[in-house]
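A.B. asks: In terms of this note's numbering, the sequence shown is residues 10 to 247.
A virtual CB, placed ideally from N, CA and C, is assigned to each residue, including glycine.
Below is one structure. I have some questions about it.
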Amino acid sequence: MSATPIGTVVVDDEPLARANIVNLLRKDPEIRVLRECGSGRDAVEAVRDLRPSLLFLDIQMPDCDGFGVLESLGTSVPPAVVFVTAYDRYALKAFEAQALDYLLKPYANARFFRVLSRAKASLAQPSVDDRRCARIMIKNVGHVSFLPTEEIDWIEAADYYSCLHTGARTHMLRRSMAELEHDLEPHHFCRIHRSTIVNLSRVRGLYLVALRDETRLKVSRGYREQLQAALEEICRIP
Numbered sequence: 010m011s012a013t014p015i016g017t018v019v020v021d022d023e024p025l026a027r028a029n030i031v032n033l034l035r036k037d038p039e040i041r042v043l044r045e046c047g048s049g050r051d052a053v054e055a056v057r058d059l060r061p062s063l064l065f066l067d068i069q070m071p072d073c074d075g076f077g078v079l080e081s082l083g084t085s086v087p088p089a090v091v092f093v094t095a096y097d098r099y100a101l102k103a104f105e106a107q108a109l110d111y112l113l114k115p116y117a118n119a120r121f122f123r124v125l126s127r128a129k130a131s132l133a134q135p136s137v138d139d140r141r142c143a144r145i146m147i148k149n150v151g152h153v154s155f156l157p158t159e160e161i162d163w164i165e166a167a168d169y170y171s172c173l174h175t176g177a178r179t180h181m182l183r184r185s186m187a188e189l190e191h192d193l194e195p196h197h198f199c200r201i202h203r204s205t206i207v208n209l210s211r212v213r214g215l216y217l218v219a220l221r222d223e224t225r226l227k228v229s230r231g232y233r234e235q236l237q238a239a240l241e242e243i244c245r246i247p
């Protein structure tokens, strides 16, 4: 038995379905149900407040679906997410959203406990300190995906959005530059202007920053020392 119970949040807008999951979870002494939620909005609040390790998440909910919950959580998504739904058409989309597993209603108890066992095994793996900075959730119409941060060349502010440039593609993200700067690994990314963040591995010149794809980005005076210090650290410049 684990010394510390695994904090778990259960989300389903159907009370009977939610109660069934909770009753099954309570059969396992290594699991501690922190909260039951009947809506997506409640789920976002609960995860942010309680920081569970495991999340059982219904997909179809009237106010905010399961994919919307993950998008709202951003880097606060729990390490293990199991989607629960009555519709098999969401299976591919669930795995694209990096779900650990997928429970299709109605499911047998044996299937539930296999999924739970897999979640516990996953959580028992050594944690990676920079896991939250390794990828960014991108949501388009009808599709959710995760973009590895290492693929980002540079980020540009655009009103209430940020534009993530990856080669010839641009991904729109409704997050502020300050949030992204906080979440990205500082040894890999540096802010060079109030509206620009660059991937340091792409930089080929200073002050008028030249990227590998010949993009030229302006460095404001207030960020020059920060950029130079960051480059010196990763490149060991004398």
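For Ala167, name the three-state secondary structure that DSSP assigns.
C.D. replies: Along the sequence shown, read from residue 1 onward, the residue named residue 167 stands at position 158. Correct three-state label for Ala167: strand.
A.B. asks: Kindly list the residues whose CB is nearer than 7 Å to the CB of Tyr232, restricted to its own chain and excluding five residues on each side of it in sequence; keep chain order.
C.D. replies: For this step, residue 232 is matched to residue 223 along the sequence shown. Result list for Tyr232: Arg200, Ile201 and His202, in chain order.
A.B. asks: My assumption, with CB atoms under 8 Å, is that His196 sits in contact with Ser210. Please give the rounded CB distance.
C.D. replies: Walking along the sequence shown from the start, residue 196 turns up at place 187. Walking along the sequence shown from the start, residue 210 turns up at place 201. Between Ser210 and His196 the Cβ distance is about 10 Å, and since that is not below 8 Å, they are no contact.
A.B. asks: Taking C-alpha atoms, which residue in Glu223, Asp74, Arg44 and Glu54 lies nearest to Val153?
C.D. replies: Here residue 153 is taken as the residue at index 144 of the sequence shown, counted from 1. Among Glu223, Asp74, Arg44 and Glu54, the Cα nearest to that of Val153 is on Asp74.
A.B. asks: Take the Cβ of His174 as the centre, count every other Cβ of all protein chains shown within 10 Å, and call the residue buried at 16 or more, exposed below.
C.D. replies: Within the sequence shown, the letter at position 165 stands for residue 174. Classification of His174: buried, given that the 10 Å Cβ count is 16 or more.
A.B. asks: DSSP beta-bridge partners for Ile147?
C.D. replies: For the purposes of this step, residue 147 is taken as the residue at position 138 of the sequence shown. Answer by DSSP bridge pairing, in chain order: Ser154.
A.B. asks: Does the separation of the CB atoms of Thr158 and Arg178 fall below 9 Å?
C.D. replies: Counting from 1 along the sequence shown, the entry for residue 158 is found at position 149. Counting from 1 along the sequence shown, the entry for residue 178 is found at position 169. Result no, Cβ atoms of Thr158 and Arg178 do not sit closer than 9 Å.
A.B. asks: Tell me whether the beta-carbon of Ala128 lies closer than 9 Å to the beta-carbon of Leu156.
C.D. replies: To locate residue 128, count along the sequence shown from 1; it is residue 119. To locate residue 156, count along the sequence shown from 1; it is residue 147. No, these two residues do not count as a Cβ contact at 9 Å.
A.B. asks: For a test of the three-state rule: what should DSSP assign to Ile250, helix, strand or coil?
C.D. replies: In this structure the chain extends from 10 to 247, so residue 250 is not present and cannot be described.
A.B. asks: Give every residue of the same chain whose Cβ lies closer than 8 Å to the Cβ of Asn118, excluding the five residues on either side of it in the sequence, and list them in chain order.
C.D. replies: Against the sequence shown, residue 118 aligns to sequence position 109. Cβ neighbours of Asn118 beyond the five flanking positions: Leu33.
A.B. asks: Can you grab the Cα-Cα spacing for the pair Val124 / Met181, in whole Å?
C.D. replies: Translated into the one-based positions of the sequence shown, residue 124 becomes position 115. Translated into the one-based positions of the sequence shown, residue 181 becomes position 172. Computed Cα separation, rounded: 34 Å.
A.B. asks: In angstroms, rounded to a whole number, what distance separates the CA positions of Val90 and Glu165?
C.D. replies: Here the question's residue 90 lines up with position 81 in the sequence shown. Here the question's residue 165 lines up with position 156 in the sequence shown. For Val90 and Glu165, the distance between alpha carbons rounds to 31 Å.
A.B. asks: Under 8 Å by Cβ, that's how I've got Leu112 and Phe122 pegged, so tell me the actual separation to the nearest angstrom.
C.D. replies: Translated into positions along the sequence shown, residue 112 becomes position 103. Translated into positions along the sequence shown, residue 122 becomes position 113. The pair is not a contact, with the Cβ atoms about 11 Å apart (cut-off 8 Å).
A.B. asks: Kindly give me the distance between the Cβ atoms of Ala52 and Val20, rounded to whole angstroms, as I take these residues to be in contact under 8 Å.
C.D. replies: Within the sequence shown, the letter at position 43 stands for residue 52. Within the sequence shown, the letter at position 11 stands for residue 20. Right, their Cβ atoms sit about 4 Å apart.
A.B. asks: Answer with yes or no whether the minimum CB distance from Glu45 to chain C is below 9 Å.
C.D. replies: Absence of chain C from the displayed structure is noted, only one protein chain being present.
A.B. asks: Does DSSP put Thr13 in a helix, a strand or coil?
C.D. replies: Taking the first residue of the sequence shown as position 1, residue 13 is located at position 4. Three-state result, Thr13: coil.
A.B. asks: If you draw a straight line from the C-alpha of Arg140 to the C-alpha of Pro87, how long is it?
C.D. replies: Residue numbering aside, residue 140 sits at position 131 when the sequence shown is read from its first letter. Residue numbering aside, residue 87 sits at position 78 when the sequence shown is read from its first letter. A caution first: Arg140 carries a pLDDT of 43, below 50, which makes its placement in the model too unreliable to give a value.
A.B. asks: Can you give me the C-alpha to C-alpha distance between Ala133 and Arg41, rounded to a whole angstrom?
C.D. replies: Taking the first residue of the sequence shown as position 1, residue 133 is located at position 124. Taking the first residue of the sequence shown as position 1, residue 41 is located at position 32. Each residue's Cα considered, the two are about 16 Å apart.
A.B. asks: Nearest to Arg184 by alpha carbon, out of Ser229, Thr84, Ser171 and Val212?
C.D. replies: Here residue 184 refers to the residue found at position 175 of the sequence shown. Closest option to Arg184, Cα to Cα, is Ser171.
A.B. asks: What residue from Arg27, Glu39, Ala95 and Ser48 has the CA that sits closest to Gly77's CA?
C.D. replies: Indexing the sequence shown from 1 puts residue 77 at position 68. Comparing Cα-Cα distances from Gly77 to each of Arg27, Glu39, Ala95 and Ser48, the minimum goes to Ser48.
A.B. asks: Grouping DSSP H, G and I as helix and E and B as strand, with all else coil, what is Thr84?
C.D. replies: Here residue 84 is taken as the residue at index 75 of the sequence shown, counted from 1. Helix.
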